[in-house]
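Enquirer: Starting off with a structure, shown below.
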Amino acid sequence: MLRQNNISLSILFLVGISLLLIFSFFVINLVNISVIEESYHGNSDYVSKEVKIYKNQYGIPHIVAPVLEDAIFGVGFAQASDRLWQMDYLRRVAYGKLSEILGPQAIKFDQYFRALGFREISERVFSNLDFKSKQILVAFSKGVNYYLEVYSNKLPIEFQTLDYKPEPWRPQDCLAIGRLMAYSMSFSFWLDLTFFDIANSIGYEKAEILVPRRFENYDEFFSDSINMAKKLASNNLVSKKNFITPFSFIREEIEKFYPIGTFNFGSNTWAVSVIENDKKRSILASDPHLKLSLPPIWYQVHITSDELNVVGLIIPGTPLPLIGRNDYIAWGITNGMIDDCDFFVHQTDTSGKFIVDSTKKVRISYITDTIFVKNSPNFIYYQRFIGKDIIFSDFLLIKDSLVSKDFYGIENSPEINKNICLTFKWTGQQVSDEIKTLYLICKSRNWKEFSSAKIYWGIPVLNFSYADRFGNVGIMLAGLIPERLGEDCVFPNLLNSKKSLWIGYKSLENDFNLYNPSEGYVLNANNKTFRSDILLGHYWSDPSRAFRILQLFKTLKPEDIYGIQLMQKDQTSEQSRFVLSIVLPILNAKRIFLDSIENHALDILSSWDNTFNINSVASSIYQMFVFKFLENTLKDELGEPIFRQYLYLDFIASRKFLELISDSSNVFFDNVRTVNLEQKEDIILLSFKDAIKNLRNLFGTDNIFEYKYGKWHKLVLEHPFSRINFLTPTFSVGEVSIGGNNSTVNYAGSKFFELSKVEVGPSARFIADMSDTLVWWILPGGNSGQAMNKNYSDQFHLWLSGGYISISIGKTPDPRFKLFAVISGKSKN
Numbered sequence: 042m043l044r045q046n047n048i049s050l051s052i053l054f055l056v057g058i059s060l061l062l063i064f065s066f067f068v069i070n071l072v073n074i075s076v077i078e079e080s081y082h083g084n085s086d087y088v089s090k091e092v093k094i095y096k097n098q099y100g101i102p103h104i105v106a107p108v109l110e111d112a113i114f115g116v117g118f119a120q121a122s123d124r125l126w127q128m129d130y131l132r133r134v135a136y137g138k139l140s141e142i143l144g145p146q147a148i149k150f151d152q153y154f155r156a157l158g159f160r161e162i163s164e165r166v167f168s169n170l171d172f173k174s175k176q177i178l179v180a181f182s183k184g185v186n187y188y189l190e191v192y193s194n195k196l197p198i199e200f201q202t203l204d205y206k207p208e209p210w211r212p213q214d215c216l217a218i219g220r221l222m223a224y225s226m227s228f229s230f231w232l233d234l235t236f237f238d239i240a241n242s243i244g245y246e247k248a249e250i251l252v253p254r255r256f257e258n259y260d261e262f263f264s265d266s267i268n269m270a271k272k273l274a275s276n277n278l279v280s281k282k283n284f285i286t287p288f289s290f291i292r293e294e295i296e297k298f299y300p301i302g303t304f305n306f307g308s309n310t311w312a313v314s315v316i317e318n319d320k321k322r323s324i325l326a327s328d329p330h331l332k333l334s335l336p337p338i339w340y341q342v343h344i345t346s347d348e349l350n351v352v353g354l355i356i357p358g359t360p361l362p363l364i365g366r367n368d369y370i371a372w373g374i375t376n377g378m379i380d381d382c383d384f385f386v387h388q389t390d391t392s393g394k395f396i397v398d399s400t401k402k403v404r405i406s407y408i409t410d411t412i413f414v415k416n417s418p419n420f421i422y423y424q425r426f427i428g429k430d431i432i433f434s435d436f437l438l439i440k441d442s443l444v445s446k447d448f449y450g451i452e453n454s455p456e457i458n459k460n461i462c463l464t465f466k467w468t469g470q471q472v473s474d475e476i477k478t479l480y481l482i483c484k485s486r487n488w489k490e491f492s493s494a495k496i497y498w499g500i501p502v503l504n505f506s507y508a509d510r511f512g513n514v515g516i517m518l519a520g521l522i523p524e525r526l527g528e529d530c531v532f533p534n535l536l537n538s539k540k541s542l543w544i545g546y547k548s549l550e551n552d553f554n555l556y557n558p559s560e561g562y563v564l565n566a567n568n569k570t571f572r573s574d575i576l577l578g579h580y581w582s583d584p585s586r587a588f589r590i591l592q593l594f595k596t597l598k599p600e601d602i603y604g605i606q607l608m609q610k611d612q613t614s615e616q617s618r619f620v621l622s623i624v625l626p627i628l629n630a631k632r633i634f635l636d637s638i639e640n641h642a643l644d645i646l647s648s649w650d651n652t653f654n655i656n657s658v659a660s661s662i663y664q665m666f667v668f669k670f671l672e673n674t675l676k677d678e679l680g681e682p683i684f685r686q687y688l689y690l691d692f693i694a695s696r697k698f699l700e701l702i703s704d705s706s707n708v709f710f711d712n713v714r715t716v717n718l719e720q721k722e723d724i725i726l727l728s729f730k731d732a733i734k735n736l737r738n739l740f741g742t743d744n745i746f747e748y749k750y751g752k753w754h755k756l757v758l759e760h761p762f763s764r765i766n767f768l769t770p771t772f773s774v775g776e777v778s779i780g781g782n783n784s785t786v787n788y789a790g791s792k793f794f795e796l797s798k799v800e801v802g803p804s805a806r807f808i809a810d811m812s813d814t815l816v817w818w819i820l821p822g823g824n825s826g827q828a829m830n831k832n833y834s835d836q837f838h839l840w841l842s843g844g845y846i847s848i849s850i851g852k853t854p855d856p857r858f859k860l861f862a863v864i865s866g867k868s869k870n
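Right, here's the structure in full:
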């Protein structure tokens, strides 16, 4: 025992010394961090004339150059000055090269992302790009590399702490990051496998029931939509013909199934046309909801050149805004929620060397790959292929017990049988030219130019909203979708089945455009906007956010910037209003089964205004009730691992919850572990009682007034270095109370099984009034990615409180902008 204690003390001593050395190295390198305080003047052969970069007090650059390629060079230089390590980190994730800087613990992640093939895809895409797109990517890369040359000895602290230097930037790196972001917005990668596990556990017939397919008995939820449109039309909103009512699809019965995937989120965008003093004008709003982290996923920039003048939000590592405004138009985005990926099931013979897919055998081929690992020997492994398709099931992170707990908080995940091999097809494997689309959008002057740019867009499928200075509004769905031989399927395509066999790809055309609808507005909150015979999937979110936006059009002034800002900050849930219209009568009829605390909780819930603010007790009760209802309905049959896997993407579970709560005969209501036959009313009562029990345990008191939402519903913005305890205060922001949930316009998403930890929300808010010269926007952090920079998190508290900062679209920087860099072409001198 003494010897074991001595060994433990020795280990603790060595760990302590290691942490001290890391900390010392971190502190020593603080003197060399890349926070540029003085303006830079230099020359480069890659600049044809001159580029000037200004930055305002928020670190937002305004890049001015007479030639577009020089301006894009400036974008690369400015981005590198603020987000270099984030850019390199995203590039390494895409290429599967994290092990080079993080060591052996990243090997499994590298194997997974290498299996996705982003390096090969980006090389193939780049070789097929339009000449102008290549010029833009090359100019951006040269700007990044010029920054690396100038400041090679003054790199961000992450490089110095991890003791490495970034490789030169390549145009293909921008494309790889674009594909990485598209992957993060594709749900098939997750839900195909989730429903595969569910089917293997409880059978395909019951698994199909868990696929949200229809909204029954929702008439009262959407009953005001027609009247609302009339009121909006009389409220100075422009009236046109041939508008597709946003909720007309709600009453359709969706007959087919669908897959999903990887990342909880929700996004909103809308554009409103109004008449004021006999003149039309329009306002656009966009708030994409993604993982909230530091640095933020967006970079704010203003670009002025001979070809374009645009203010917008850029994904670090890419050259052009995905959300923005120029002198004529503004645009925003939401995920199109399209089924763009399928898995295919293959079976091996007894030797494990051949695939038996038909009457003949197909030999499995092997390719050796090497991962360079920091402070460890190289990791050499095989990738297995069936023809050109990699056997993806060899590298599935959610099937690895050492990794899956990071996804859904448990130690184990159902394994795939060793004789089963899964391959996949994804639209992101195809050639497309998103750079050309963004370039054409950035310089568009009208709807015709804007909408014609969509033909080059491939992945991810996005809704692009539109507003222009003449008061016109529109929305289009753009991207590439698969053409399947038969119907789509939520489950991986079974052996010898042809129902989801891919026979080609199709670009979404003008059938998926909507321009100047009669109500005078367009909107999307990940709901289904377009009706079509073309199969898009069935992934759309619970439409309560979209319906809430319609309600706010009725109650607020949509032509007023302040009103639009209030809409983006709104925390009232139409979902909860609808659910409680069903639940409260049932609970009130069963008050005899409630104790005094539970009866008091029911009174509070009955008088709730359905707003998820941090001081609300009812918000805590409702949120906990939803989880307990899902748990009491599904967990007995699915088991803990698969139940959590099903809940991981909250918008699917939310949609199914709405179906279940409005259903009285679902087979899942009966608990298979009990003798009694449970019905929906029993589950509602039990779930309400369990919710109050959970809150009592959470708060450690029977005083129900202590159960305030903000006391347990928290947000922490984390940097990858935040996991190192002594670096947490430097790189993290929080912990803060936050309102909203996954059904509110002001989105605050968390995993259902980890409700207290908010992970997803408005990754930016963007508003453009086309009758004004200002853009209103905000980030959940700051525009700099360097923790020692004053702009690292200077926008966070303003974002948290619902504030905005403004920037002018004017081509000449205003006095708030100070000169940051001047780079001239060497030929000038």
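Heads up, the sequence shown is in our numbering, so the first residue is 42 and it goes up one at a time. Beta carbons: idealized from backbone N, C-alpha and C, even for Gly. Remember, it's a predicted structure, so these values are computed and weren't measured experimentally.
Would you mind reading off the limits of the alpha helix (DSSP H) that contains L157?
Expert: For the purposes of this step, residue 157 is identified with residue 116 of the sequence shown, where counting begins at 1. L157 -> alpha helix (DSSP H) spans I148 to L157.
Enquirer: Around the C-beta of E190, are 16 or more other C-beta atoms found within 10 angstroms, so that it is buried, or is it exposed?
Expert: Here residue 190 corresponds to residue number 149 of the sequence shown, with the count starting at 1. E190 is exposed by the Cβ-count criterion.
Enquirer: Once the 5 residues before and after A789 are set aside, which same chain residues still bring their CB inside 6 Å of it?
Expert: As a working mapping, residue 789 is identified with position 748 in the sequence shown. Around A789: I779, G781, N782, V799 and G802.
Enquirer: If we call anything under 9 Å between Cβ atoms a contact, is L671 one with L690?
Expert: Along the sequence shown, one-based indexing puts residue 671 at 630. Along the sequence shown, one-based indexing puts residue 690 at 649. No, Cβ-Cβ distance for L671 and L690 is not below 9 Å.
Enquirer: In chain order, which alpha helix (DSSP H) runs of at least 4 residues are fully inside the segment 389–471?
Expert: Complete alpha helix (DSSP H) runs here, min 4: 442–449.
Enquirer: Provide the residue(s) that pair with Q341 in DSSP beta bridges, ordered along the chain.
Expert: Along the sequence shown, one-based indexing puts residue 341 at 300. Partner(s): L354.
Enquirer: Tell me the rounded alpha-carbon separation between H579 and I104.
Expert: Taking the first residue of the sequence shown as 1, we reach residue 579 at position 538. Taking the first residue of the sequence shown as 1, we reach residue 104 at position 63. Near 42 Å, if we compare the C-alpha coordinates of I104 and H579.
Enquirer: Suppose the cutoff is 6 Å on Cβ atoms and the five residues either side in sequence are ignored; what does the same chain contact list for I850 look like?
Expert: Along the sequence shown, read from residue 1 onward, the residue named residue 850 stands at position 809. Closer than 6 Å at Cβ, skipping near neighbours: V352 and T814.
Enquirer: Which complete alpha helix (DSSP H) runs does the segment 691–760 hold, if anything under 4 residues is left out?
Expert: Taking only runs of at least 4 residues, the alpha helix (DSSP H) segments lying wholly in the segment 691–760 are 691–702 and 721–740.
Enquirer: Alpha carbon to alpha carbon, how far is L564 from F807?
Expert: The sequence position of residue 564 within the sequence shown is 523, counting from 1. The sequence position of residue 807 within the sequence shown is 766, counting from 1. Straight-line Cα distance between these residues: approximately 14 Å.
Enquirer: Can you tell me which residues form a DSSP beta bridge with I808?
Expert: Here the question's residue 808 lines up with position 767 in the sequence shown. A326 and W817.
Enquirer: I need the DSSP call for R572, collapsed to helix, strand or coil.
Expert: If you number the sequence shown from 1, residue 572 lands on position 531. Reduced to three states, the DSSP call for R572 is coil.
Enquirer: Is the separation between the beta-carbon of S323 and that of S308 shorter than 9 Å?
Expert: For the purposes of this step, residue 323 is taken as residue 282 along the sequence shown, with counting starting at 1. For the purposes of this step, residue 308 is taken as residue 267 along the sequence shown, with counting starting at 1. No, the Cβ-Cβ distance between S323 and S308 is not below 9 Å.
Enquirer: Is it right to say N738 is buried, meaning 16 or more other beta carbons lie within 10 angstroms of its own, or is it exposed?
Expert: Looking up residue 738 in the sequence shown gives position 697. Flag for N738 reads exposed.
Enquirer: Among W581, D86 and D123, which one has its Cα closest to the Cα of N697?
Expert: Residue 697 sits at position 656 when you count from the first residue of the sequence shown. According to the sequence shown, residue 697 is Lys rather than Asn. The option with the nearest alpha carbon to K697 is W581.
Enquirer: Quick one: Cα of Y153 to Cα of G137, how far?
Expert: In the sequence shown, the residue the question calls residue 153 occupies position 112. In the sequence shown, the residue the question calls residue 137 occupies position 96. When rounded, the distance between both Cα atoms is 7 Å.
Enquirer: Taking 8 Å as the limit between beta carbons, can you name the residues of its chain near K876, skipping five residues before and five after?
Expert: Lying before the first or after the last residue shown, residue 876 is absent from the chain, which here runs from 42 to 870.
Enquirer: What residues in its chain sit with their C-beta under 7 Å from that of V472, if we drop five residues either side in the sequence?
Expert: Stepping through the sequence shown from its first residue, residue 472 is reached at position 431. Cβ neighbours of V472 beyond the five flanking positions: R165, V166 and N169.
Enquirer: I'd like to check one pair, S227 with C382: are the Cβ atoms closer than 9 Å?
Expert: Counted from its first residue, the sequence shown places residue 382 at position 341. Counted from its first residue, the sequence shown places residue 227 at position 186. Contact flag set, yes.
Enquirer: Checking 9 Å against the spacing of the C-beta atoms, do L333 and S834 come in under that value?
Expert: Position 292 of the sequence shown, counted from the first residue, corresponds to residue 333. Position 793 of the sequence shown, counted from the first residue, corresponds to residue 834. No.
Enquirer: Who does G83 pair with in a DSSP beta bridge?
Expert: Residue numbering aside, residue 83 sits at position 42 when the sequence shown is read from its first letter. I864.
Enquirer: Closest by CA to P357, which one among L349, E550 and V342?
Expert: Start at 1 with the first residue of the sequence shown, and residue 357 comes out as number 316. The shortest Cα separation from P357 among L349, E550 and V342 belongs to V342.
Enquirer: Given this structure, state the Cα-to-Cα distance separating Y748 from F740, to the nearest angstrom.
Expert: Numbered from 1 along the sequence shown, position 707 holds the residue referred to as residue 748. Numbered from 1 along the sequence shown, position 699 holds the residue referred to as residue 740. When rounded, the distance between both Cα atoms is 7 Å.
Enquirer: Buried or exposed: which applies to I427, given that a residue is buried once 16 or more other Cβ atoms fall within 10 Å of its Cβ?
Expert: In the sequence shown, residue 427 corresponds to position 386, counting from 1. Buried: at least 16 other Cβ atoms inside 10 Å.
Enquirer: For F436 and K149, I'd like the C-alpha separation in whole angstroms.
Expert: The residue labelled residue 436 in the question sits at position 395 within the sequence shown. The residue labelled residue 149 in the question sits at position 108 within the sequence shown. Going by the C-alpha atoms only, they are around 7 Å apart.
Enquirer: What are the boundary residues of the alpha helix (DSSP H) that includes Y845?
Expert: Start at 1 with the first residue of the sequence shown, and residue 845 comes out as number 804. Careful: Y845 lies outside any alpha helix (DSSP H) and carries neither H nor E.
Enquirer: Which residue from L125, R586 and S647 puts its Cα closest to that of A828?
Expert: Here residue 828 is taken as the residue at index 787 of the sequence shown, counted from 1. Residue L125 is the option with its Cα nearest to A828.
Enquirer: By a C-beta neighbour count over all protein chains shown, 10 Å radius and 16 as the cutoff for buried, is F746 buried or exposed?
Expert: For the purposes of this step, residue 746 is taken as residue 705 along the sequence shown, with counting starting at 1. The residue is exposed, with fewer than 16 neighbouring Cβ atoms inside 10 Å.
Enquirer: Can you check DSSP and say which residues form a bridge with T235?
Expert: Indexing the sequence shown from 1 puts residue 235 at position 194. For T235, which the question treats as bridged, DSSP gives no partner whatsoever.
Enquirer: In terms of residues, what are the limits of the alpha helix (DSSP H) holding R685?
Expert: Counting from 1 along the sequence shown, the entry for residue 685 is found at position 644. Element bounds for R685: V658 to L688.
Enquirer: Per DSSP, what kind of secondary structure is L518 in: helix, strand or coil?
Expert: Numbered from its first residue, the sequence shown carries residue 518 at position 477. Correct three-state label for L518: strand.
Enquirer: Who are the near neighbours of I374 in its chain, counting only those whose CB is closer than 8 Å to its CB and skipping five residues on each side?
Expert: If you number the sequence shown from 1, residue 374 lands on position 333. Only S308, T310, S327, P329, L363, I364, L503, N504, F505 and S506 meet the Cβ criterion.
Enquirer: For the ligand NAP, is there a heavy atom less than 8 Å away from the beta-carbon of P821?
Expert: Looking for the ligand NAP in the displayed structure turns up nothing, as the structure carries no ligands at all.
Enquirer: Could you check where the beta strand (DSSP E) with Y507 kicks off and where it finishes?
Expert: Position 466 of the sequence shown holds residue 507. Note, Y507: beta strand (DSSP E), L503 to D509.
Enquirer: Rounded to whole angstroms, what's the CA-CA distance from F772 to Q127? Just pull it up for me.
Expert: Taking the sequence shown and counting its residues from 1, the one referred to as residue 772 is at position 731. Taking the sequence shown and counting its residues from 1, the one referred to as residue 127 is at position 86. The alpha-carbon atoms of F772 and Q127 are separated by roughly 13 Å.
Enquirer: What residue from D509, F465 and F491 has the CA that sits closest to L157's CA?
Expert: Translated into positions along the sequence shown, residue 157 becomes position 116. When only C-alpha atoms are compared, the closest one is F465.
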